[in-house]
């Protein structure tokens, strides 16, 4: 009986120790409000300071449910960088390196895109001809776009099209024999 109790107790302790691993850690990128629901129109329950470490509990659309200290709530997805460690972990070398490193304009940067619609929004969507007409009123012609670009100092550039992709030719093991 003692052995069974010991095994069950050990299993419980192991399970409890693994529970925090299920939640992801993150860092708040700017001072943000925590909302009671995943909506900017819901009640503000608390604030999270830039650099604060948060535990990510759930994700819904463009929102994350987080816990920061004794506060919890919903925060915009793009306001949190996933991964442990706040700004407090940056050493002097990291700060100096970030401040003195030159940006490379040819470097490709990945940007997170967020549609902002969830399944419920799409199910409730209805055609609205008046809104479509309002949107069409903002349409710009090619001449208007060229004029706007020229006023901003932009110039057209001809870029060659990429070649058509070709499938990789890998001999099969049957052909090699």
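In mature numbering (1 follows the signal peptide of the UniProt record, and there is no 0), the protein residues as written are -23 to -1, 1 to 154. Where is the CB? At the ideal position from N, CA and C, for every residue including glycine. The model shown is predicted, which means the values in this text are computed figures rather than measured ones.
Check, Outcome
"Alpha-carbon to alpha-carbon, residue 33 and residue 10", "15 angstroms"
"Residue 42: first and last residue of the uninterrupted beta strand (DSSP E) it sits in", "40 to 45"
"In DSSP terms, what residue 33 is bridged to", "1, 43"
"For residue 52: DSSP bridge partner residues", "41"
"Exposed unless 16 or more other CB atoms sit within 10 angstroms - verdict on residue 15", "buried"
"Residues near residue 58 in its chain [Cβ-Cβ closer than 7 angstroms; skip 5 each side]", "3, 4, 6"
"Unbroken alpha helix (DSSP H) run spanning residue 143, endpoints", "Element bounds for residue 143: n/a, residue is neither H nor E."
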